[in-house]
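The listed protein sequences correspond, in order, to chains A and B.
Mapping to the numbering used here: the first sequence position 21 is 289, numbers consecutive.
Mapping to the numbering used here: the second sequence position 140 is 141, numbers consecutive.
Backbone N, C-alpha and C fix where the C-beta goes; we use that ideal spot for every residue, glycine too.
Please read these numbers as outputs of a predicted model, since none were measured by experiment.
Right, one structure below, let's go through it.
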Amino acid sequence: MRTPDREYVAPVARYRIRFAKRGRMRFASHRDFQRVFERALRRAGVPMAYSAGFSPHPKISYANAVATGAASEAEYVEIGTAAALDPTVLQQALDASLPSGFDVLDVVTARTGHFVDRLEGSVWRIRLPQVSESDLADAVAALLAETHVEVERMTKKGARRFDVRADLLSVECGTDESGCAILTLVVRHAVPVVRPDDVLAGLRQVASLATPSPPVVTRMAQGPLTADGRGVTDPFGPDREESARAPA
Amino acid sequence: MPVTDLFDELEHVLPLVSKPIQYVGGELNAVVKDWDDVAVRWALMYPDAYEVGAPNQGVQILYEVLNERADTLCERTYAVWPDMEALMRERRIPAFTVDAHRPVSEFDLLGVSFATELGYTNLLTTLDLAGIERRAVDRESEPLVIAGGHAAFNPEPIADFIDAAVLGDGEEAVLAITDVMAAWKSEGSPGGRAEILLRLAKQCSVYVPGFYDVEYLPDGRIRRVVPNRPGVPWRVAKYTVSDLDEWPYPKAPLVPLAETVHERASVEIFRGCTRGCRFCQAGMITRPVRERSVTTVAEVVTNSVQRTGFEEVGLLSLSSADHSEISEIARGLADQFEGSNTSLSLPSTRVDAFNIELANELSRNGRRSGLTFAPEGGSERIRRVINKMVSEEDLIRTVAAAYAAGWRQVKLYFMCGLPTETDEDVLQIARLAREVIRTGREVSGRRDIRCTVSIGGFVPKPHTPFQWAAQLGADDTDARLAKLRAEIRSDREVGRSIGFRYHDGKPGVVEGLLSRGDRRVGRIIEQAWLDGGRLDGWSEHFSYDRWMAAAERALADEPVDVDWYTTRERGEEEVLPWDHLDSGLDRQWLWDDWQDALDEVEVEDCRWTPCFDCGVCDQMGTEIQTGPTGAVLVPVPPLPLMAEVAARR
Numbered sequence: 269m270r271t272p273d274r275e276y277v278a279p280v281a282r283y284r285i286r287f288a289k290r291g292r293m294r295f296a297s298h299r300d301f302q303r304v305f306e307r308a309l310r311r312a313g314v315p316m317a318y319s320a321g322f323s324p325h326p327k328i329s330y331a332n333a334v335a336t337g338a339a340s341e342a343e344y345v346e347i348g349t350a351a352a353l354d355p356t357v358l359q360q361a362l363d364a365s366l367p368s369g370f371d372v373l374d375v376v377t378a379r380t381g382h383f384v385d386r387l388e389g390s391v392w393r394i395r396l397p398q399v400s401e402s403d404l405a406d407a408v409a410a411l412l413a414e415t416h417v418e419v420e421r422m423t424k425k426g427a428r429r430f431d432v433r434a435d436l437l438s439v440e441c442g443t444d445e446s447g448c449a450i451l452t453l454v455v456r457h458a459v460p461v462v463r464p465d466d467v468l469a470g471l472r473q474v475a476s477l478a479t480p481s482p483p484v485v486t487r488m489a490q491g492p493l494t495a496d497g498r499g500v501t502d503p504f505g506p507d508r509e510e511s512a513r514a515p516a
Numbered sequence: 002m003p004v005t006d007l008f009d010e011l012e013h014v015l016p017l018v019s020k021p022i023q024y025v026g027g028e029l030n031a032v033v034k035d036w037d038d039v040a041v042r043w044a045l046m047y048p049d050a051y052e053v054g055a056p057n058q059g060v061q062i063l064y065e066v067l068n069e070r071a072d073t074l075c076e077r078t079y080a081v082w083p084d085m086e087a088l089m090r091e092r093r094i095p096a097f098t099v100d101a102h103r104p105v106s107e108f109d110l111l112g113v114s115f116a117t118e119l120g121y122t123n124l125l126t127t128l129d130l131a132g133i134e135r136r137a138v139d140r141e142s143e144p145l146v147i148a149g150g151h152a153a154f155n156p157e158p159i160a161d162f163i164d165a166a167v168l169g170d171g172e173e174a175v176l177a178i179t180d181v182m183a184a185w186k187s188e189g190s191p192g193g194r195a196e197i198l199l200r201l202a203k204q205c206s207v208y209v210p211g212f213y214d215v216e217y218l219p220d221g222r223i224r225r226v227v228p229n230r231p232g233v234p235w236r237v238a239k240y241t242v243s244d245l246d247e248w249p250y251p252k253a254p255l256v257p258l259a260e261t262v263h264e265r266a267s268v269e270i271f272r273g274c275t276r277g278c279r280f281c282q283a284g285m286i287t288r289p290v291r292e293r294s295v296t297t298v299a300e301v302v303t304n305s306v307q308r309t310g311f312e313e314v315g316l317l318s319l320s321s322a323d324h325s326e327i328s329e330i331a332r333g334l335a336d337q338f339e340g341s342n343t344s345l346s347l348p349s350t351r352v353d354a355f356n357i358e359l360a361n362e363l364s365r366n367g368r369r370s371g372l373t374f375a376p377e378g379g380s381e382r383i384r385r386v387i388n389k390m391v392s393e394e395d396l397i398r399t400v401a402a403a404y405a406a407g408w409r410q411v412k413l414y415f416m417c418g419l420p421t422e423t424d425e426d427v428l429q430i431a432r433l434a435r436e437v438i439r440t441g442r443e444v445s446g447r448r449d450i451r452c453t454v455s456i457g458g459f460v461p462k463p464h465t466p467f468q469w470a471a472q473l474g475a476d477d478t479d480a481r482l483a484k485l486r487a488e489i490r491s492d493r494e495v496g497r498s499i500g501f502r503y504h505d506g507k508p509g510v511v512e513g514l515l516s517r518g519d520r521r522v523g524r525i526i527e528q529a530w531l532d533g534g535r536l537d538g539w540s541e542h543f544s545y546d547r548w549m550a551a552a553e554r555a556l557a558d559e560p561v562d563v564d565w566y567t568t569r570e571r572g573e574e575e576v577l578p579w580d581h582l583d584s585g586l587d588r589q590w591l592w593d594d595w596q597d598a599l600d601e602v603e604v605e606d607c608r609w610t611p612c613f614d615c616g617v618c619d620q621m622g623t624e625i626q627t628g629p630t631g632a633v634l635v636p637v638p639p640l641p642l643m644a645e646v647a648a649r650r
């Protein structure tokens, strides 16, 4: 009888990482990113903690991955390591190791629990080429006038219908420097999670808003919702406070 | 002159296609150069989907070799999926490279690496999407389309669609072609296309099909193949790299973002094989054996792992356990990777060269996968015919040792349809598998061990002793496999521990047609493509009926048909379509070896016995290069952050 020849090594430390998914890398799926990330850790020589068993896996937890095709300035991942590291050194090493387009923006030592629970909502920015600002504003007004807007999304288990309105906390229209229509959303994370695509489906449904060119979606931030529901705060805040209160 | 960047246009269709990441490039270690900074521009294509093509070692090595030259740039392109093809046609987006999304039609050269003949229709798709004339004779300013890879040893079926073909190792060939191309362009491209092709034919052993006429006999056989202009050779020779230590590639392997068929770093530990398996085209056309030294192997492996982050390293060759210092390589690398979760794998292992100690070293630092052996033939008799000298005793002993050492799963590869084969030879596979299970249960004391029998139809290949053999038809193959399956299942108690995987005989017929075809087969390829043939290596896209209908139409006025190309045995005097292409093997030796096969006479390996005059070393001026070198591996410096952590302690 063969036994696993590797013992379980409990992580010595855990680190929370905020990274961006930019440019053409937004076409990477979450699974693509997982492979990219694990290899980047190995290239950088990060001393990872591994799970036990015949098939040891590095200790990595991914939170709320953005959909394939969407960019992000606020993706989060947590790693467990076999040695204590300087978060700044880790950030630099990992950023240098990842392919361009995946950029490490921030690293903190995990000093608190329940991190994923702090990711209460997301701020999204949707660029809508070939959509006029006034059409967009009209459509948004029509959507906000409703209290319940049911849309359909194809999932692996078939078509699923759900409301997009209740978790949509804030919507703003505007334009960017090139004059292209921009939609900024604050969405509360719930089950099923309302995605930017679902909100666009809602706009299409209530006001026949057409998007002739594929919209470009970017997650700008994730974190605890502000009291007025118009934004989010830094989810690393509690870790930073704890580190300041009681340095390791 | 500026060149178009097609990414802006692609960006609009990428949200609409499956697995868009395969089209965006940006892989770690990919190279993008300024278009106007170089003299010669290569596009390299692997004619299958990205997930199959991206890990291909041949393309990765040539990509690096070419990009290391300051005067050259090289980018890659792959077959696109049908959803992407439809959108490209709709939006008029031409075929593009994944590196800088430049139009394929703007390059000087389009090199296509054919590992298998089933990629031929994918070449036609890319030419069409690129706006490159399908027939070489109609081309003017388009890239020179050059075929390479093992299938290029008989490029006759695609002779109309390529400008040229190169036989053998690519490293020196692409550099020689680049030199000639650079000189010709600097002179102002005198004489146009005909001139550059003539220079390549004369100066770089490049085969230009257009420079040779094929004449046929009334019965359809080839009368002769003859050069149609002065200065081109009667026979075109293959390239052979003579010292693999001087070519330590890949130095910076590409790391795809998309999931691919080989999620590992690959390092070739030797090239060529003289085991002499008569069915094996790779073993015949890549002679002689040239080992990479244990020192260079370790250097390339360590560098690959550090620069890619892969958890597995494949030690590639045609029979990796045959390296004269395989134990030193396995032990040395396992020591280096101690504690780093990096495993080693040998993709092909001979039963007689395998040992448990080696297998343990390979999996010491990582995951232990199943073991795979390829006895190829079910009976001792048929193994003598194919010259796969593995006794049943060897096989059972090796497999038993594996089960005793804790392996639970063993996979065995076989072929069906080998020359002289009878039902009885194939039914022996069932008996062998049962013996494996019985012995395995006995030595391991467990009932949950498994053995998977995987079997495919044999396709006779050019430049092998079986090039004259009749291929078994699809129906006969299927009937024989059905009998084997029934035999395996007849003993339910043991049979439930035996998995049975097989492919039906139909794709093999098309592969056989394309493998041993002549120029007339090009019309079938074109017709099949016009009728929608795409991605023929994928069972969900492959259509046997489409190919047969295309063949019937394309060969309507010819005295030959699909059976003539596949199930017909050839005579000694018949001119074969590839006789003017020189793999170094002496034609008489091949014929004698074919006769030996029929007489069930085996031939030894020339690495360990005197030369048996296959002709390669004499003809090509090459020699066998094997160790042992006696070199000892030195430890490597740790990785960046590891070093930082160690320093702080």
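_Cβ-based contacts, 7 Å cut-off: residues of the stretch 409-436 of chain A near chain B_ = Answer in chain order: no residues at all.
*Would you kindly check if the distance between the Cβ of P315(A) and the Cβ of A350(A) is under 8 Å?*
Yes, these two residues count as a Cβ contact at 8 Å.
*Beta-carbon spacing of E306(A), I285(A) below 8 Å*: In this structure, E306(A) lies away from I285(A), with their beta-carbon atoms at least 8 Å apart.
*7 Å CB neighbourhood of P289(B) in its chain, flanking five on each side removed*: Scanning its chain for C-beta atoms nearer than 7 Å, with the 5 sequence neighbours on each side dropped, one finds around P289(B) the residues G273, T275, V617, C618, T623, E624 and I625, in chain order.
_Using only CA atoms, which one of N30(B), A483(B), A31(B) and P21(B) lies nearest to F296(A)?_
Per the sequence shown, residue 296(A) should be read as Ala rather than Phe. Nearest option by C-alpha distance: P21(B).
_Cutoff 8 Å; reference S346(B); Cβ partners in own chain excluding five residues on either side_ = These residues qualify, in order along the chain: R265, E313, V314, G315, L316, L363 and S370.
*Does the stretch 431-439 of chain A come within contact of the stretch 462-482 of chain A, defined as at least 3 CB pairs closer than 8 Å?*
Yes, the stretch 431-439 of chain A is in contact with the stretch 462-482 of chain A.
*Is there a Cβ from chain B that is less than 8 Å from the Cβ of R270(A)?*
Residue confidence for R270(A) is low, a pLDDT of 46 falling below 50, so the modelled location carries little weight and cannot support an answer.
*Bridge partners - Y217(B), DSSP secondary structure assignment*: In the DSSP assignment, Y217(B) forms a beta bridge with I223(B).
*Closest Cβ-Cβ distance between T217(A) and chain B: below 8 Å?*
In the structure as shown, chain A begins at 269 and stops at 516. Residue 217(A) is therefore absent and cannot be evaluated.
*Quick one: grab the DSSP three-state call for C618(B).*
Looking at C618(B) - three-state DSSP - the assignment turns out to be helix.
*In or out: D564(B) buried (at least 16 other Cβ within 10 Å) or exposed?*
It is exposed - the Cβ of D564(B) has fewer than 16 other Cβ atoms within 10 Å.
*Compare the beta carbon distance of L373(A) and G491(A) with 8 Å and say whether it is the shorter of the two.*
With respect to the 8 Å criterion, L373(A) and G491(A) are not classified as neighbours on the basis of their beta carbons.
_For F295(A), list the residues DSSP reports as bridge partners._
None, per the DSSP bridge assignment.
*At what residues does the beta strand (DSSP E) containing A331(A) begin and finish?*
Start and end: I328 to A331.
*Return the residue from the list T127(B), D35(B) and E603(B) that minimises the CA-CA distance to K389(B).*
For the residues T127(B), D35(B) and E603(B), the minimum Cα distance to K389(B) belongs to E603(B).
_Runs of 3 residues minimum, wholly inside the stretch 247-296 of chain B: which ones carry the beta strand (DSSP E) assignment?_
List check, beta strand (DSSP E) in window: 266-269.
*Counting only runs that start and end within the stretch 348-388 of chain B, where is the alpha helix (DSSP H) found for 4 or more residues in a row?*
List check, alpha helix (DSSP H) in window: 357-363 and 381-387.
*Kindly indicate the opening and closing residues of the alpha helix (DSSP H) around A401(B).*
Start and end: E393 to A405.
*When burial is assigned at 16 or more other CB atoms within 10 Å of the CB, is E422(B) buried or exposed?*
Here E422(B) is buried: its Cβ has 16 or more other Cβ atoms, across all protein chains shown, within 10 Å.
*Using the DSSP secondary-structure output, state which residues sit across from Y503(B) in a beta bridge.*
Answer is I456(B).
*Which residues, in order along the stretch 252-263 of chain B, keep a beta-carbon less than 8 Å from a beta-carbon of chain A?*
From the stretch 252-263 of chain B, only V256, L258, A259 and E260 have a Cβ closer than 8 Å to chain A.
*What are the residues that DSSP puts in a beta bridge with A281(A)?*
Per DSSP, T349(A).
*In chain B, what lies closer than 9 Å to P482(A) by C-beta?*
By Cβ distance, chain B contributes E12, H13, V14, L15, P16 and L17.
*asked:* Strictly under 8 Å for the Cβ-Cβ distance: is L642(B) near chain E by that measure?
replied: Of the protein chains in the structure, A and B, none is chain E.
_Secondary structure of R498(A), DSSP reduced to three states_ = Looking at R498(A) - three-state DSSP - the assignment turns out to be coil, as it is neither helix nor strand.
*Starting from A317(A), find everything on chain B with Cβ-Cβ shorter than 7 Å and list it in chain order.*
None at all; the shortest Cβ gap to chain B is about 11 Å.
*asked:* Taking only three categories from DSSP, how would you classify E440(A)?
replied: In the structure shown, E440(A) sits in a strand (DSSP, three-state: E or B).
*Fully enclosed by the stretch 397-446 of chain A, which alpha helix (DSSP H) runs are 4 residues long or longer?*
With a minimum length of 4 residues, the continuous alpha helix (DSSP H) runs that stay inside the stretch 397-446 of chain A are 401-413.
*Determine whether the Cβ of M293(A) lies closer than 8 Å to any Cβ atom of chain B.*
Contact with chain B is found for M293(A), since one of that chain's Cβ atoms lies less than 8 Å from the residue's Cβ.
*What does DSSP give as the partner residues of C612(B) in its beta bridges?*
Note: C612(B) sits in no beta bridge, so no partner.
*Would you list the residues sitting across from Y318(A) in a DSSP beta bridge?*
Paired residue(s): P326(A).
*Measure the C-alpha to C-alpha separation of V302(B) and S267(B) and round it to an integer number of angstroms.*
Spanning the alpha carbons of V302(B) and S267(B) requires a straight line of approximately 8 Å.
_Suppose you measure from the CA of Q294(A) to the CA of A514(A); what does that come to, to the nearest Å?_
It is worth fixing the name first, because residue 294(A) is Arg in this sequence and not Gln. The alpha-carbon atoms of R294(A) and A514(A) are separated by roughly 38 Å.
*Check distances from the C-beta atoms of the stretch 330-353 of chain B to those of chain A and list, in chain order, the residues that come in under 7 Å.*
Correct list: N342.
*Are any of the Cβ atoms in chain A nearer than 8 Å to that of F97(B)?*
Using a CB distance cut-off of 8 Å, F97(B) does not count as an interface residue toward chain A.
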